[in-house]
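Number of protein chains: 2
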Amino acid sequence: MSILPPALTDVIEALGTLPGVGPRTAERYAYYLVRNDSTKAQKLASALQDMHAGVGYCKKTYALVPAGQELSDLYTDPRRDKTLVAVVAEPFDIVALEKTASFNGTYHVLGGLVSPIDGVGPESLRIAELIQRIDDDGVQEIILATNASVEGESTALYIQKQIGDRPVQVTRLARGLPIGVDLEYADQITLTRALEGRQTL
Amino acid sequence: MSILPPALTDVIEALGTLPGVGPRTAERYAYYLVRNDSTKAQKLASALQDMHAGVGYCKKTYALVPAGQELSDLYTDPRRDKTLVAVVAEPFDIVALEKTASFNGTYHVLGGLVSPIDGVGPESLRIAELIQRIDDDGVQEIILATNASVEGESTALYIQKQIGDRPVQVTRLARGLPIGVDLEYADQITLTRALEGRQTL
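Protein sequence lines, in the order shown, are assigned to chains E and Z.
Count along the first sequence starting at 1, add 7, and that's the number in our numbering.
Count along the second sequence starting at 1, add 7, and that's the number in our numbering.
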């Protein structure tokens, strides 16, 4: 005997596959949608249905672009510096960096980070394509903007090795105290990095 | 200039209307779906599309039932005691109570709780239908299984008044210490209720 109608459990099950969504949260989402009139559910359904067909990858930077578009607007924009490339793991990292309005270069999306545990080797990332861009675009600086995690660090190291002795400056994002955090609450590694990277006032 | 393709921002926007889902969470869900092959997104889309058409309400208990089905399985099951009715606010409360496997009666879904702040008056709840059931089914006990909140309490009080002098026992769920919680961490009201409801060993 089922307590809930199958049309509803189907939705709960499908929502439950989203990252971080457990059965209770999925139930809450589904019930919110079912108690509202069907407009919300239909709108979400049709947006989901059209998503994959409407999304493509930039052939140069591998950022997400509208389907059919060859190159990302951020790459073709003549005001962006093509000789400065920020290397990020995922397309949404671009959104985070763009929000700072402090970066005038272009991006390169790796499509992940080296993670032996998850079976992600460097060959599955777009590193060869990055090396190619160094030559094609005359890149002068590569900012390794990967996460400050083990995976982020080892991916950065691997890329640095691949770049070899090409005449390009390789930098990475500063490590240190996040703004608004008390020194006493910072972990040891962060504090060590903040000491190492101390700057003259 | 848009950083993300519209097909993706449409999904982010639609997901962002779910309860408790902010822009960051919506982005995470959408990116998870877009980086996977389209099967997951299509499955969720079609489940959402079919949901409203596949869900109806039980004509007696107002529990959610497959569309076209008159009465809830929990109501028509001959092993369930129709003279014992648990009154709940929302259909999902039935799922929570059924999980206990400690209730052998039937349910009645009010469709909300009295909440003047949200503009929900008692007339928009299925209270008249509950009173009707008392007479129709010869109900002997009504368990007011509403939330232990101000809205839950006032809804219970209102229902009790409406029942009037009908020959039916009205009970409500016990208030007291939740299992596994230390006495020193319980709030004053809970502790007061636990004292008032103390039971002989």
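Backbone N, C-alpha and C define an ideal beta-carbon position, used for all residues, glycine too.
Being a predicted model, the structure only gives us computed values, none of them experimental.
(message) For the stretch 107-131 of chain E, list every residue whose C-beta sits within 8 Å of some C-beta in chain Z, in sequence order.
(response) none
(request) Take the Cβ of glutamate 191 of chain E as the centre, count every other Cβ of all protein chains shown within 10 Å, and call the residue buried at 16 or more, exposed below. (result) exposed
(request) Would you list the residues sitting across from alanine 93 of chain Z in a DSSP beta bridge? (result) Z:Tyr114 and Z:Ile150
(request) Find the nearest neighbour of leucine 151 of chain Z within the set Z:Val72, Z:Gly183 and Z:Val116, judged by alpha-carbon distance. (result) Z:Val116
(message) Quick test of the definition: if touching needs 3 or more C-beta pairs under 8 Å, does the stretch 125-132 of chain E touch the stretch 65-83 of chain E?
(response) no
(request) Go ahead and label arginine 31 of chain E buried or exposed: buried means 16 or more other beta carbons lie within 10 angstroms of its beta carbon, across all protein chains shown. (result) exposed
(request) For arginine 35 of chain E, go through chain Z and note every residue whose CB falls closer than 9 Å to its CB, in chain order. (result) Leu25, Pro26, Gly27 and Phe99
(message) Considering just the uninterrupted stretch of the alpha helix (DSSP H) at tyrosine 69 of chain Z, what are its terminal residues?
(response) Element bounds for tyrosine 69 of chain Z: n/a, residue is neither H nor E.
(request) Return no unless some Cβ of chain E is closer than 7 Å to the Cβ of alanine 52 of chain Z. (result) yes
(message) Run through the DSSP bridge pairs and tell me what glutamine 195 of chain Z is partnered with.
(response) According to DSSP, glutamine 195 of chain Z bridges with nothing at all.
(message) Is there a C-beta anywhere in chain E that falls below 7 Å from the one on proline 85 of chain Z?
(response) no
(message) So alanine 48 of chain E contacts chain Z; which residues on that side make the cut at Cβ distance below 7 Å?
(response) Leu55, Met58 and His59
(message) Tell me the rounded alpha-carbon separation between lysine 106 of chain E and proline 12 of chain E.
(response) 43 Å
(request) Alpha carbon to alpha carbon, how far is glycine 23 of chain Z from leucine 51 of chain E? Give it in angstroms, no decimals. (result) 10 Å
(request) With a threshold of 16 other CB atoms inside 10 Å of the CB of isoleucine 186 of chain Z, please say whether the residue is buried or exposed. (result) exposed
(request) Could you name the residues of chain Z that glutamate 105 of chain E contacts, counting a contact when the two beta carbons are closer than 7 Å? (result) Ile10
(message) Let me confirm a value: proline 174 of chain E is counted as buried when at least 16 other C-beta atoms fall within 10 Å, else exposed. Which label applies?
(response) exposed
(request) Output yes if chain Z places a C-beta closer than 7 Å to the C-beta of serine 156 of chain E; else output no. (result) no
(message) Between leucine 15 of chain Z and chain E, is any beta-carbon pair separated by less than 7 Å?
(response) yes
(request) Could you check the C-alpha separation between glycine 204 of chain E and threonine 178 of chain E for me, to the nearest Å? (result) 13 Å
(request) Less than 8 Å between the CB atoms is what I'm expecting for glutamate 34 of chain E and phenylalanine 99 of chain Z, so what's the real figure, rounded? (result) 6 Å
(request) Can you tell me the Cβ-Cβ gap for leucine 120 of chain Z and alanine 155 of chain Z, rounded? I've got them flagged as a contact below 8 Å. (result) Contact doesn't hold; Cβ gap of about 11 Å is too wide.
(request) Excluding the 5 residues preceding and the 5 following leucine 78 of chain Z in the sequence, name in chain order all residues of the same chain whose CB lies nearer than 8 Å to its CB. (result) Cys65, Lys66, Lys67, Thr68 and Val72
(message) With a threshold of 7 Å between beta-carbons, can serine 45 of chain E be considered close to chain Z, or not?
(response) yes
(request) Assign glycine 75 of chain Z to one of two classes, buried (16 or more other C-beta atoms within 10 Å of its C-beta) or exposed (fewer than that). (result) exposed
(message) Quick check on tyrosine 38 of chain Z - is its C-beta less than 7 Å from some C-beta in chain E?
(response) yes
(message) By the 9 Å beta-carbon criterion, what residues does the stretch 67-80 of chain E contribute toward chain Z?
(response) Ala70, Leu71, Val72, Pro73, Ala74, Gln76, Ser79 and Asp80
(message) In the DSSP output, which residue or residues are listed as bridge partners for serine 178 of chain E?
(response) Before going further, note that residue 178 of chain E is threonine rather than serine in the sequence given. Looking at the DSSP assignment, threonine 178 of chain E forms a beta bridge with E:Ile150.
(request) Using the Cα positions of aspartate 172 of chain E and threonine 90 of chain E, report the straight-line distance between them to the nearest angstrom. (result) 17 Å
(message) Using beta carbons (cut-off 7 Å, strictly below), is valine 102 of chain Z in contact with chain E?
(response) yes
(request) Identify every residue that forms a DSSP beta bridge with tyrosine 82 of chain E. (result) Paired residue(s): none; tyrosine 82 of chain E is not in a bridge.
(request) Just list the beta strand (DSSP E) runs in the stretch 22-78 of chain E, keeping only unbroken ones of 3 residues or longer that don't cross its boundaries, in chain order. (result) 62-64 and 71-73
(message) Comparing C-alpha positions only, which one of Z:His59, Z:Gln49 and Z:Ser53 sits nearest to leucine 40 of chain E?
(response) Z:His59
(request) Answer yes or no: do leucine 180 of chain Z and alanine 201 of chain Z have a C-beta to C-beta separation smaller than 7 Å? (result) no
(request) Verify whether the separation of the beta carbon atoms of tyrosine 212 of chain E and isoleucine 101 of chain E is less than 7 Å. (result) Because chain E in this structure spans residues 8 to 208, residue 212 of chain E falls outside the shown range and cannot be described.
(message) Taking CB distances under 7 Å as the criterion, tell me whether alanine 21 of chain Z reaches chain E.
(response) yes
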